Structure formats: structure tokens, C-alpha cells
Amino acid sequence: MKDFIIPDPDFGTPARRSDKTVTLTIDGFEVTVPEGTSVMRAAAELGIEIPKLCATDSVEPIGSCRLCLVEIEGRRGTPASCTTPVADGMQVHTQTPKVAKLRRGVMELYISDHPLDCLTCAANGDCQLQDMAGAVGLRDVRYEAGANHFETRQNGEANPRYIEKDASNPYFTYDPSKCIACYRCVRACEEVQGTFALTVDGRGFEARISTGHDDFLGSDCVSCGACVQACPTATLQEKSVIEMGTPDRAVVTTCAYCGVGCSFRAEMKGDQLVRMVPSKDGKANRGHSCVKGRFAYGYATHPDRILNPMIRESIDQPWREVTWEEAFEFTARKFRGIQEKHGVRAIGGITSSRCTNEETFLVQKLIRQVFGNNNVDTCARVCHSPTGYGLKTTLGTSAGTQDFDSVEHADVVLIIGANPTDGHPVFASRLKKRLRQGAQLIVADPRRIDLVRGPHVRAAHHLPLRPGTNVALLTAMAHVIVAEGLTYDDFIRERCEMDAYQDWAGFVAEDRHSPEATEALTGVPAEEVRKAARLYATGGNAAIYYGLGVTEHSQGSTTVMAIANLAMATGNIGRPGVGVNPLRGQNNVQGSCDMGSFPHELPGYRHVHDDAARGLYEKLWNVTISDEPGLRIPNMLDAAVGGTFKGIYIQGEDILQSDPDTKHVASGLAAMDCVVVHDLFLNETANYAHVFLPGSTFLEKDGTFTNAERRINRVRRVMAPLNGLADWEVTQHLANAMGAGWTYAHPAEIMAEIAATTPSFAGVSYDLLEAEGSVQWPCNDAAPRGTPVMHEGGFVRGKGLFVVTDYVPTDERTGPRYPLLLTTGRILSQYNVGAQTRRTGNTVWHAEDVLEIHPHDAETRGISEGDWVRLASRSGETTLRATLSDRVSPGVVYTTFHHPETQANVVTSDYSDWATNCPEYKVTAVQVALTNGPSDWQLSYAERARAARRILPAAE
Amino acid sequence: MTPEKLVYMANQIATAFARLPEDAAVAAIADHIDAFWDPRMRAHLLDLVEAGAPDLSPRVAAAAGRIRKPEAA
Ligand code: SF4
Ligand code: SF4
Ligand code: SF4
Ligand code: FES
Numbered sequence: 001m002k003d004f005i006i007p008d009p010d011f012g013t014p015a016r017r018s019d020k021t022v023t024l025t026i027d028g029f030e031v032t033v034p035e036g037t038s039v040m041r042a043a044a045e046l047g048i049e050i051p052k053l054c055a056t057d058s059v060e061p062i063g064s065c066r067l068c069l070v071e072i073e074g075r076r077g078t079p080a081s082c083t084t085p086v087a088d089g090m091q092v093h094t095q096t097p098k099v100a101k102l103r104r105g106v107m108e109l110y111i112s113d114h115p116l117d118c119l120t121c122a123a124n125g126d127c128q129l130q131d132m133a134g135a136v137g138l139r140d141v142r143y144e145a146g147a148n149h150f151e152t153r154q155n156g157e158a159n160p161r162y163i164e165k166d167a168s169n170p171y172f173t174y175d176p177s178k179c180i181a182c183y184r185c186v187r188a189c190e191e192v193q194g195t196f197a198l199t200v201d202g203r204g205f206e207a208r209i210s211t212g213h214d215d216f217l218g219s220d221c222v223s224c225g226a227c228v229q230a231c232p233t234a235t236l237q238e239k240s241v242i243e244m245g246t247p248d249r250a251v252v253t254t255c256a257y258c259g260v261g262c263s264f265r266a267e268m269k270g271d272q273l274v275r276m277v278p279s280k281d282g283k284a285n286r287g288h289s290c291v292k293g294r295f296a297y298g299y300a301t302h303p304d305r306i307l308n309p310m311i312r313e314s315i316d317q318p319w320r321e322v323t324w325e326e327a328f329e330f331t332a333r334k335f336r337g338i339q340e341k342h343g344v345r346a347i348g349g350i351t352s353s354r355c356t357n358e359e360t361f362l363v364q365k366l367i368r369q370v371f372g373n374n375n376v377d378t379c380a381r382v383c384h385s386p387t388g389y390g391l392k393t394t395l396g397t398s399a400g401t402q403d404f405d406s407v408e409h410a411d412v413v414l415i416i417g418a419n420p421t422d423g424h425p426v427f428a429s430r431l432k433k434r435l436r437q438g439a440q441l442i443v444a445d446p447r448r449i450d451l452v453r454g455p456h457v458r459a460a461h462h463l464p465l466r467p468g469t470n471v472a473l474l475t476a477m478a479h480v481i482v483a484e485g486l487t488y489d490d491f492i493r494e495r496c497e498m499d500a501y502q503d504w505a506g507f508v509a510e511d512r513h514s515p516e517a518t519e520a521l522t523g524v525p526a527e528e529v530r531k532a533a534r535l536y537a538t539g540g541n542a543a544i545y546y547g548l549g550v551t552e553h554s555q556g557s558t559t560v561m562a563i564a565n566l567a568m569a570t571g572n573i574g575r576p577g578v579g580v581n582p583l584r585g586q587n588n589v590q591g592s593c594d595m596g597s598f599p600h601e602l603p604g605y606r607h608v609h610d611d612a613a614r615g616l617y618e619k620l621w622n623v624t625i626s627d628e629p630g631l632r633i634p635n636m637l638d639a640a641v642g643g644t645f646k647g648i649y650i651q652g653e654d655i656l657q658s659d660p661d662t663k664h665v666a667s668g669l670a671a672m673d674c675v676v677v678h679d680l681f682l683n684e685t686a687n688y689a690h691v692f693l694p695g696s697t698f699l700e701k702d703g704t705f706t707n708a709e710r711r712i713n714r715v716r717r718v719m720a721p722l723n724g725l726a727d728w729e730v731t732q733h734l735a736n737a738m739g740a741g742w743t744y745a746h747p748a749e750i751m752a753e754i755a756a757t758t759p760s761f762a763g764v765s766y767d768l769l770e771a772e773g774s775v776q777w778p779c780n781d782a783a784p785r786g787t788p789v790m791h792e793g794g795f796v797r798g799k800g801l802f803v804v805t806d807y808v809p810t811d812e813r814t815g816p817r818y819p820l821l822l823t824t825g826r827i828l829s830q831y832n833v834g835a836q837t838r839r840t841g842n843t844v845w846h847a848e849d850v851l852e853i854h855p856h857d858a859e860t861r862g863i864s865e866g867d868w869v870r871l872a873s874r875s876g877e878t879t880l881r882a883t884l885s886d887r888v889s890p891g892v893v894y895t896t897f898h899h900p901e902t903q904a905n906v907v908t909s910d911y912s913d914w915a916t917n918c919p920e921y922k923v924t925a926v927q928v929a930l931t932n933g934p935s936d937w938q939l940s941y942a943e944r945a946r947a948a949r950r951i952l953p954a955a956e
Numbered sequence: 001m002t003p004e005k006l007v008y009m010a011n012q013i014a015t016a017f018a019r020l021p022e023d024a025a026v027a028a029i030a031d032h033i034d035a036f037w038d039p040r041m042r043a044h045l046l047d048l049v050e051a052g053a054p055d056l057s058p059r060v061a062a063a064a065g066r067i068r069k070p071e072a073a
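In order, the protein sequence lines correspond to chains H and C. Using the UniProt record's numbering, the letters of the first sequence map in sequence onto residues 1 to 956. Using the UniProt record's numbering, the letters of the second sequence map in sequence onto residues 1 to 73.
Structure follows, in C-alpha cells:
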């Protein structure tokens, strides 16, 4: 806690929601608060701080330290203000001689069992025990040091109560000698994070905090840091603070990892980042975070970062460091040369969903205005492009319908093809909180993800479907809802197109769609499907959350539409607690889609065929905008191999590692004349690049990210870019080298252009974001402060459209040579291709990708835990270690793709979604066999990568 | 792009609209291709239709007449 150095008031107990208010008087001042509020919190709202140790506003109070005692007129004794709710007319006195004496007594006891090494303690100046000793006026301690927890030796012998510091976690330490047994950490782990990793061993004086294991690293702890943040002393302390000392200022910014978009206070000392503390005001995260956002920022200053621009004529040459001017001039000359020779459409670019909205907007502007074509795409192609197509077709807008707060109102939650505890951890914590309050959970996933069975969480139904059968399963659920008369007919009649609905209802009602008929396809017992469908339709507010397990299939778009159908048929859309919610992968994937990163869409999802939209930009930019859709990423690579696409500008993406069928990507890149990679590190794609432009991290620039709830959050610069230029400046220089004449001086000016040209962003400005903290688009005259829940009165497209969803099996089939199905995913501590997280302490949790295989499949192949195995598909093969797990069903294997050494995408196929070309990552037919070393591809790849990364010493 | 892949992609679209009556399906296929395919892909497809690609779905072939003519770059 950093209460008095950088004020971030702690109200002591959580806020209460109530329609009723209560008015009371505290120290003579009147205050009105919601019913159920504690006396402590009511006082804090008046600015009166009651001393406290065991209470903090992130967890429920337990009233154990007795420091917060107050006197209340007409009541006997001295109740604890943290556990006493307010009542009308109450007269509270927080400072009386009686409570002052009691408090001093309490503090005296605490201090008698505490080492008095404050001056050299890491929490010096940031310790509530210190603060409280001061606040209550403690002047001497009368007790002799007797039995205690802090002396290493007593009476010439080892002190049996002394426990050594645990430094096993890479980011924080646990020093039991400083613990005051306030249990804030235990409650934070339970209530905020929902992991239940900490317990209390023993009682009274003997009570100790324990992980139940040898140390933190070996325990269930997921290193979210909630306990560290809650701890009032140096017992749980960030290692960065131990090393650097306390911070002196804080800047609010947004996490650059996942689509939850947590707000953080970046706590600084000069231009050094001391720690990241999740912001209580953050509307997506409400004061919580995961290990990545809080701790894994060390990549920003990692020595691997490339800080100087580099060029080379061909990719077999070493890199040559050059000035920015030379790099821009070289690139402009190459790009224009290609266009002269091969036509305007022979170059293009890829925007980054890790960069800001402003940067993404500029890259697509560069392509549309300066390149003169629509060959712009983004990594959403390989993750959520089917969400765009599916939700636009059915509901009318390409985005999730709710805010994250909505989950607090859900009664039934259906999770499909997502693993929130790993992929979207802070949302998972908020979901688990709701589940502990009694909401019911349905999980449809081939794997038994953690949410199916966790501490104090148990899914009502787990539907372990065979990869690739989402549409069959969802249509079977729809069958039950229609056949058993569980539809919400008034809603459908009023809000949806009736013809389409009747067509759809007739279709799903056919016998061939019943759970019984599709059981053989999906592998899910019919009775479970029926029960799950009934629960979804009749259990109250039902919300669907889905991830890449839905979209990354040959029928990804169809599955998204099947999800929307379910929500419309049951009226679960258009109010808090319900909705259709894509869990977006990367921090700004929503934003990059919003900003016109797709080759067929201008910013705000307006098709390039839309004359009015094009006209707007033509007037502003003074060029003709092409009305022809451009190439999508897979199409670009195909066209490159075919010789009609020759140059590409890639901002902040590593397509060689992240995109499917690595060999195909490599041959596409190798066929181009000018590949420009703009990134932090020499990533895998850069092995095929001719120009490397150093990128900047989110700590080094201003801008905005848009998270999965359409929330536009500010990113604020806390340190100068190490490479000298923020990413938006690099794009601007490149555009100007090609003759654009742009003059943006600050990202706020770019946002002004976005707002002026994009109806759903019309009201957005940096001033508004400063005032509101964040807003959810649409934000315009109709919704000046943004839109938390969409489709409230009616659908964006007018009437909701039911779409018939015929199941079409993928052509990626198992057979005698490839009898297993591979599906891919990710884990908590790593992020995407791992370029950032692999360069942080997070590697202790995931040093390599491993293959999960069912013990039965392992046994028939003679595979034991930890063996090297060869994973082969029709596309290619790789090797990795196996781990035996019954989380996957027999016939299914699973791995992550965080490490370039594994290159899991060498194995994935070239199949893709019919509507959007989103690749089918989630289904590949494979064979697994014992082996004893890396594959030929891995060896030759490693060799080529080494050669491609050579850098010549700078010619001074 | 290989002809096989282009044909495969076009057929996937035809399959997605398979349930529609002939005329609506042909229109939906043409619309989808117009909306999402870059001109060189459309030109390639039209060439294939011209040459009489045997594996191409008949509905895609029928849609060819409605697909927007790509201009040369
Ligand atoms: S870091 Fe998070 S998971 Fe680990 S013990 Fe603390 S609160 Fe629990
Ligand atoms: S570790 Fe910190 S938060 Fe936990 S009981 Fe000890 S002093 Fe309190
Ligand atoms: S990675 Fe996601 S959940 Fe974790 S802190 Fe960042 S935004 Fe929040
Ligand atoms: S703060 Fe109320 S009893 Fe500890």
C-alpha cells in the first residue's frame, strides 16, 4: 500500500450497492451512504480516517485487529467500525480518550512481536503498521521481548517460531517474521483472485500464513499479486521495491497484454518503473490484475531490444545499422519501385493489435492514402475475424454486447471455446466471484479447463465436444430450446425478423439436429446437452462468453452466428447480465478492428463499397480511395508466392510464428522484395525482413487501447522511447518519406481525426477520457458517455437476424496415418508468441511448450511423462515433451504456441473459415510418436534463424 | 494462389449457402466474393470458370456472371 506517498484512498471496506440510503453523524459531520456500508467506510467518505490494520477495501472485513474501535452513542462498548454497518441517526465518535487508549494497547502488542528494523525495511515509508503506530501515538512498548516470530536465535538456540524468508516467486518475497496475521492476503486470494492458495495454520499467537506447500512457487499460487497489494507490511513485498525503494509518482495507464484491458497505476521513480499496481478506478478490472500485467513488464528494458533501424539488400546478408532517415528513404524507394514495376496493389501492410488505436489508424491510413490500395489486415484475421462477420450479420455490430460488470448480474454463464483462467484471468476472477455467489456454469470445451472444477467452483455441465463440432453442438442446444418450447416468443416477435426466425426454428427442430442424433458426432452425451440447454434457456439471466475455440475453425463464422441465435431465441440480449461476449485475445484487437484494419472495411466497419464513407476520407485526405477490397493476410502470402505481391510493412506482429502453416508463411515472405518489420525484437518474421524499424513499448507512448468490452482506455507515456520514436511517429516518418506530408504532433490529434470520421467514435476525445477515465463505444450525441450494454431497445441492424447454421465437417479429418486431433491454446504466464513474456521472470512457469496427451493414447504409444515426442501432421512435424493428462479426452492432444523452438504452427493446416479465412488452428489431425531429439525442420530453422539475425558492427 | 486453393475457398462459400434456393444462393455467393475478395482473386476465379474448372461448385460457376468485374491495377 502506498497510502500517503501517492494517495489512492483506502476506504477500509468494499462499497455497497443499495437503493436505500442511510444518514448518520460521525464526529459531528453528517453523511449519507448506501445501506450496508460500514461505519469505517462512511467515515472515510467524510475524509475521517479511522485507524485500521486488518481492513482494506478490496476484501470483506473480519474485525480481528481491534484497532478501528469507535464509540457510538446509545451503544455499549467499543464496536469495530469495519464490521459495524451504519444505521439511521447513528452518532459515531472516532476519537475519544477511551478508544485512543485501547488502540495504543493494541499497537503495543503488535509491535512487541515485530522486528524494529524500520529504517532498512523495504516497506519503509509504505507500511501501515508504521503509519498506525504513528497515528495512535505509540511511544513506548512495555513488554519484554519474549516468545516471538522475528528473532533468528533465542537464548543461544534457533528460535523455533522463526521462519525464513521465501523468495521462490520471481516477483515477490514472503517474510514471515514481519507478518501481523491480519489475513488480508488470505482474503485477497479467496475473494479477489479466487484461487484459495493461502490458508492460516494454527490459532492465536501461533497463527501462520501458509501456502500448504514448501514455498510459493511450488504452490497453487498463480502470482496475481493481490495478496502483495493487500499486505499492510513488508511481509509480502515486490522484489522491485526491495531493489529500488519506494516510488514517488504514479501514472494511470493500461495493460498491454490481453483483451481484458486492466487499468494500472504505473508507480515511478524518475523514469524508472518501480511497480505496477492495478487501479481501483479501472472499470474493466476493479483493482485486480494477473501476473502478466502486474509483473511481466521487464521485456521493456530487456537487452534483446533492438534500438537502431537496420536494413539489408537481401535476407542472406547480415543487418546493417543505419539512421532513421536512411531506413525511411530505403523503404520508400523500395516500395515505390515495386509499385512502378508490379502495380499499385503489389504492396500492403499489417496493423498490430498490440499497438494503440492511433497507431493502427495511421497504418491503415498509410496503406489507403499513400499506398493507394486496401491491402491492410491485422492479426484479428487469425483470431476474431469470424466474430466480426458473425455478429455483424446477426446483430449488426462487430463487438461484444456487454461490459465486464455485467457478469455480476448473470445467473447462468455459458463458456465456449475459452479458458478464461489462463487467457483472461481478471475476467475469470470476476466470474468466479459471481459463481461463488451461486450463478451456474456450463463449459463447452474439448478440454477440462480449470473452471470446470476449481476451488469453490464447479461447472453444472461440462460438454467435452470433439474439436470441430461446435456448430453441431450449438444447433443441438437450439433444437432442445425450440422443441421443448423454451424460446422467448415475445422477445423474438418484437425484436427479430420473423421469416428468418421461422426458417431457423424449422431447421433446428429437425430430428437430425437433436442431441441424440448428434451425439455420435460431438461425443457429448445427449442428456447433458439437453440439461445444459434447459439451464441456459430457463436459469435466469444467461450470458455467453466465447474465445478462439469458437472462431478458429473452418466454420468459425457459423459458430458465432449459432451463438447469437441462441441468445436471441432466449431473449438473452440487451440488458445487464446477459449477452454475447467474445473474449478478445490481444490488448487492442477490438481497437485494431474498429480502426479499419480489415481490407474490406474503413474505420468503423464501413465497407469500402460504401461511397459516402469513402467520400469522407477522400475529401479529408485528398486522394481517391480504392473501392476494391484488399488482400487478407493468407491471401497476401498466396499472392506473394504467385508473384503479384512484393512488399509489406508489418507493425508489431510476428506472423511467421503466430500464423498457421509456418512453411507456407515462410515461402510467402521469402518471395517478397521488401519486408519491413517494425517491432521491439528481432522476431521470427524479421528473419525474412529487409528493413527493421525498432518499436516502442506501451510505457513509452501516448494513445488508447480498446478492450473486449469496447472500452477505450488511455495509455500514457511514463518514460521516453528507448529507440527515440514512438510507433506512430515511425509510421508518420515512413508516410512522409513516401510523400504524405502528415503533421501530427500528438496522438490526441489522431484521435480527433478518428472521431471526426467515425460515427461510433464521434464523441471520443482525450479530454473526455481524462474526465471519465474510459468510455465504451458507441460514444456520440446519442450516448455522450458511451454505451455499456448494446442492443438495449433494438438491434443495431434493426431487427435481429436468425441464420441457419448447417454443420459442415472440416476437411481436416483423422485417419489411419493421423488418428489424433490436435487443438491449441495458451497458458496464464505466457502471452501469444511469447516475445514479451519469454523475456521476463514468467519463464519459471513455462519454460517450453508441452504436449498434453491422454494416458490411454500415451500408453498405446509407449509414451511416459516427460518423453520427447514427434508431433506430425499433413503439413509438417515438430518435437516437444509430452505430459500425460486426463484433461483431454482420448483421441485429443493439446499444446500451446508460446515458444519459437516448438513452432507448433509448423503442424497446423492451411484450412480456414469459409467467410473470413480465419485459420483452423483448433483442429489438426496428427500422429504422436516417441522420438529422441528435435526434428530436421527445427534444426535447420534454428540454423537459418541464427544466420538471419547477424548484425554488422555500426560503421562510424 | 494455386487454382486448387481458390476453388476450395469458393466451394466453401457455396457450401455455407447451400441451404438457400438456387437463385438466392447464387446471389449470396456473388455478394460474398465481391465483398471480401481482392480483384486479382476474382480475376483468377473468373479465369478458372472460363476455363471450366471441373471441381468448382456449379453454383459458383453460376455466380460468375454476377461477380463484379475486376479492373486491372
Ligand atoms: S499472488 Fe495471487 S494467487 Fe498467489 S497467493 Fe497471492 S493472491 Fe493468491
Ligand atoms: S502476510 Fe501480510 S497480509 Fe498476510 S497476514 Fe501477514 S501481514 Fe497480513
Ligand atoms: S494480461 Fe489481461 S488480465 Fe492480466 S493484467 Fe493485463 S489486461 Fe489484465
Ligand atoms: S480494521 Fe477493523 S478490526 Fe481490524
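Positions of the beta carbon are idealized from the N, C-alpha and C atoms, including for glycine. For clarity, every value in this text was computed on a predicted model and none was experimentally measured.
Backbone CA spacing between residue i and residue j [nearest angstrom]
{"i": "residue 572 of chain H", "j": "residue 789 of chain H", "result": "12 Å"}
{"i": "residue 696 of chain H", "j": "residue 146 of chain H", "result": "55 Å"}
{"i": "residue 4 of chain H", "j": "residue 39 of chain H", "result": "In this prediction, residue 4 of chain H has a pLDDT of 39, which is less than 50 and means its spatial position is unreliable; what the coordinates show is noted afterwards. So the two alpha carbons sit approximately 22 Å from each other."}
{"i": "residue 22 of chain C", "j": "residue 807 of chain H", "result": "19 Å"}
{"i": "residue 2 of chain H", "j": "residue 237 of chain H", "result": "With a pLDDT of 39 at residue 2 of chain H, under the threshold of 50, the modelled position of that residue is not reliable, and no figure is offered here."}
{"i": "residue 960 of chain H", "j": "residue 778 of chain H", "result": "Nothing can be reported for residue 960 of chain H: it is not among the residues displayed for chain H, which extend from 1 to 956."}
Chain C within 8 Å of residue i, Cβ atoms only
{"i": "residue 386 of chain H", "result": "no"}
{"i": "residue 915 of chain H", "result": "yes"}
{"i": "residue 635 of chain H", "result": "yes"}
{"i": "residue 5 of chain H", "result": "Interpretation of residue 5 of chain H is limited by its pLDDT of 48, a score under 50 that renders its predicted location unreliable; the figure taken from the coordinates is listed afterwards. No, residue 5 of chain H lies away from the interface with chain C (no Cβ there is under 8 Å from its Cβ)."}
{"i": "residue 806 of chain H", "result": "yes"}
{"i": "residue 631 of chain H", "result": "yes"}
{"i": "residue 639 of chain H", "result": "yes"}
Contact check, residue i vs residue j, beta carbons under 8 Å
{"i": "residue 16 of chain C", "j": "residue 56 of chain C", "result": "no"}
{"i": "residue 818 of chain H", "j": "residue 889 of chain H", "result": "no"}
{"i": "residue 961 of chain H", "j": "residue 641 of chain H", "result": "Since the displayed chain H opens at 1 and closes at 956, residue 961 of chain H lies outside it and no answer follows."}
{"i": "residue 324 of chain H", "j": "residue 602 of chain H", "result": "no"}
{"i": "residue 919 of chain H", "j": "residue 382 of chain H", "result": "yes"}
{"i": "residue 842 of chain H", "j": "residue 291 of chain H", "result": "yes"}
Closer than 8 Å to chain H by CB, residue i
{"i": "residue 66 of chain C", "result": "no"}
{"i": "residue 59 of chain C", "result": "no"}
{"i": "residue 69 of chain C", "result": "no"}
Within chain C, the residues that residue i reaches when beta carbons sit closer than 9 Å
{"i": "residue 558 of chain H", "result": "16"}
{"i": "residue 607 of chain H", "result": "35"}
Chain-ordered neighbours of residue i on chain C, where CB pairs are closer than 8 Å
{"i": "residue 600 of chain H", "result": "35 and 36"}
{"i": "residue 644 of chain H", "result": "40"}
{"i": "residue 628 of chain H", "result": "38, 39, 70 and 71"}
Listed by chain order, chain H residues near residue i by CB distance under 8 Å
{"i": "residue 13 of chain C", "result": "914 and 915"}
Write down every uninterrupted run of the beta strand (DSSP E) in the UniProt domain "4Fe-4S ferredoxin-type" (212-241) of chain H whose length is 3 residues or greater and which is fully enclosed by it, in chain order.
List check, beta strand (DSSP E) in window: 236-238.
Starting from the N-terminal side, write out each stretch of the beta strand (DSSP E) that is 3 residues or longer and does not extend beyond the UniProt domain "2Fe-2S ferredoxin-type" (20-98) of chain H.
Runs found: 21-26, 29-34 and 91-93.
Restricting to runs no shorter than 4 residues, where is the alpha helix (DSSP H) found entirely within the region 93-159 of chain H?
Qualifying alpha helix (DSSP H) stretches, in chain order: 97-112 and 128-136.
Closer than 5 Å between the C-beta and any heavy atom of ligand 5: which residues qualify, listed along the chain?
This structure lacks ligand 5; the ligands present are ligand 1, ligand 2, ligand 3 and ligand 4.
Quick one: complete beta strand (DSSP E) runs, 3+ long, within the region 289-317 of chain H?
Segments of the beta strand (DSSP E) lying fully in the region 289-317 of chain H: there are none.
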